[in-house]
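Here the structure is laid out as structure tokens; the discussion comes afterwards.
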Amino acid sequence: MMAAMNKPGREPIFIIAEHNENKAKSIVFELATCADKIKQYCPAEIKIIILGRGTEKLSSEIAQKTGLDAISIEINELALYNPEIYKTVIYNLAVEYSPSFIVAGHTPRGLDVASGLAVRLNAAFIAGVEGLGEEGGKICFRRQMFFGKIDAHIAADSEPLIITVQPGSFVPYKPDNASPGKVETRRVEYAPEFIRAKGIRSSKFQDSSISKAKVIISAGNGIGGKENLGLINRLAAVFPGSAVGGSRIVVDRGWLEYRQQIGLTGAQVSPDLYFACGISGASQHLAGMRGSG
Ligand SMILES: Cc1cc2nc3c(=O)[nH]c(=O)nc-3n(C[C@H](O)[C@H](O)[C@H](O)COP(=O)(O)OP(=O)(O)OC[C@H]3O[C@@H](n4cnc5c(N)ncnc54)[C@H](O)[C@@H]3O)c2cc1C
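The letter at position 172 of the sequence shown is residue 380 when you use the working numbering, and the numbering goes up by one with no holes.
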């Protein structure tokens, strides 16, 4: 069945919240804006799903900031992200609520959860959504294809529809004078059968300059070779406190270090000024620097 426009709201829109040690990631509030836009076409309640250990405070903060209801699932075994627990617990919740849409970040974690859920729920899945609107009576999601050469508009004919949203595509949700959403807290015990998270080892590079710099000069494939990085460094030297970053190709070639990679699978930055030198602007790169300027 098509995600019908303006049908009476019954099945909720789920947002899968992401957090780092019980601090909400900015993508949560962008997903709330996206879900709110979906709601304009397909009226339904929005529920933010928050999994973790000791997430009560975080859940209240998110419900307070967004005015949206949250389901907070306390799982003692979730001190660290565990894909098995996330997918199984959210799958069970989806079976219980039959959501019309499940909205997650187009981030490593969001993609992991969303794609796994799509398989388990036999659901339609649109990855890398950057916008949405109405076309021919259907809700249509916009995403780039072929490295940004094609702007695809995709509608799904079945429910639930699972989407992942490119970071930076929607402004963070800021409702006017919203009263705090309700938080329903549940406790789940789950002994993972297949996956155990053993710990996180931090990179030996603890360079925060790229995330704090007010000006970033980034190098892409178009600079032609490592020997031309000197030009990038000279430009960086013009701006005190600036940092040098790069696209994934440049990092994969070893011209820059991974900590300097900007994008979906690298750092997310928001300097006042961002120079992209010889960078094509693939969506995966834009995902890391859209908040600039
Ligand atoms: C799952 C996944 C995750 C990814 N994560 C990231 C990520 O985190 N970060 C990231 O950057 N990419 C990421 N990518 C890769 C991304 O899709 C692109 O391939 C990459 O960003 C392209 O890098 P680029 O723009 O430097 O190179 P190209 O796409 O090769 O672009 C080079 C640009 O330089 C221009 N150019 C050429 N010569 C000159 C010249 N003389 N002067 C000026 N301009 C010139 C060209 O016209 C072109 O626009 C990811 C891809 C996938 C599939």
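Ideal placement from N, C-alpha and C gives every residue a C-beta, glycine not left out.
Task: Nearest-angstrom Cα separation, counted from A427 out to Y458 - done: What sits at residue 458 in the sequence shown is Val, not Tyr. One C-alpha to the other measures close to 7 Å.
Task: 4 or more residues per run - each alpha helix (DSSP H) lying fully within the segment 314-369 - done: 316-329
TODO: Hey, could you find the ends of the beta strand (DSSP E) G453 is sitting in?
DONE: First-last of the beta strand (DSSP E) with G453: A451 to G454.
- [ ] Can you check the segment 229-290 for any alpha helix (DSSP H) of at least 4 residues that lies completely inside it and give the ranges in chain order?
- [x] As summarised for the segment 229-290, the continuous alpha helix (DSSP H) elements at least 4 residues long and confined to that stretch are 235-249 and 264-274, given in chain order.
Open item on the list: Pairs of beta-carbons, one from the segment 260-272 and one from the segment 382-399, closer than 8 Å: are there three or more?
Closed with: yes
Task: Beta carbon of G324 nearer than 9 Å to that of P368 - done: no
Open item on the list: Short of 7 Å in beta carbon distance, which residues of its chain neighbour F378, apart from the five on each side in sequence? Order them along the chain.
Closed with: E238, T241 and C242
Task: Min CB distance K273 to chain C below 9 Å - done: In the structure shown, chain C does not exist; there is a single protein chain.
Open item on the list: Given a cut-off of 9 Å on the beta-carbon distance, is the pair I358 and V337 in contact?
Closed with: no
Open item on the list: Taking 9 Å as the threshold (C-beta atoms), are I258 and I235 in contact?
Closed with: no
TODO: Please report how far the alpha carbon of N441 lies from the alpha carbon of I424, in whole angstroms.
DONE: Straight through space, the alpha carbons of I424 and N441 are spaced by roughly 11 Å.
Open item on the list: If the criterion is Cβ atoms closer than 9 Å, does the pair I281 and G260 meet it?
Closed with: yes
Task: Reference A399; option with closest CA among I283, G430, Q492 and Y299 - done: I283
TODO: Could you tell me how far apart the beta carbons of I334 and I362 are, in whole angstroms, since I believe they sit closer than 8 Å?
DONE: 5 Å
Open item on the list: Here's the rule: buried if 16 or more other CB atoms are within 10 angstroms of the residue's CB, otherwise exposed. What is A360?
Closed with: exposed
TODO: With a cut-off of 8 Å on the beta carbons, I'd call S417 and A451 a contact; round off their distance for me.
DONE: 5 Å
TODO: Following the continuous beta strand (DSSP E) through R394, name the residue where it begins and the one where it ends.
DONE: V391 to V396
TODO: Output yes or no for whether 9 Å exceeds the beta carbon distance between G356 and S455.
DONE: In this structure, S455 does not lie closer than 9 Å to G356 by Cβ.
TODO: Pull up the DSSP beta-bridge partners for I371, would you.
DONE: V311 and I334
TODO: With hydrogens ignored, establish whether the beta-carbon of T473 is closer than 8 Å to any heavy atom of ligand 1.
DONE: yes
Task: Distance cut-off 8 Å: A490 Cβ against heavy atoms of ligand 1 - done: Yes, Cβ of A490 sits closer than 8 Å to a heavy atom of ligand 1.
Task: Closest Cα partner of S410 within the set R467, Y305, F402 and K382 - done: Nearest option by C-alpha distance: R467.
- [ ] Say yes only if the C-beta of F333 is nearer than 8 Å to one or more non-hydrogen atoms of ligand 1, and no if none qualify.
- [x] no
Task: Where the alpha helix (DSSP H) through S426 begins and ends - done: S426: not part of any alpha helix (DSSP H); member of the beta strand (DSSP E) spanning V423 to A427, first to last residue.
Open item on the list: Looking only at its chain, what residues have a beta carbon closer than 6 Å to the beta carbon of L472, apart from the 5 residues adjacent to it on each side?
Closed with: So the list reads Q492 and A495, once near-sequence residues are dropped.
TODO: With distances taken Cα to Cα, identify the nearest neighbour of Y249 among Y289, E342 and V297.
DONE: E342
TODO: For H493, verify whether its CB is less than 8 Å away from any heavy atom of ligand 1.
DONE: yes
- [ ] Indicate, with yes or no, if ligand 1 has a heavy atom lying under 8 Å from the CB of F237.
- [x] F237: no, Cβ never under 8 Å from ligand 1.
Open item on the list: Under 8 Å: does the beta carbon of F355 sit that close to some heavy atom of ligand 1?
Closed with: yes
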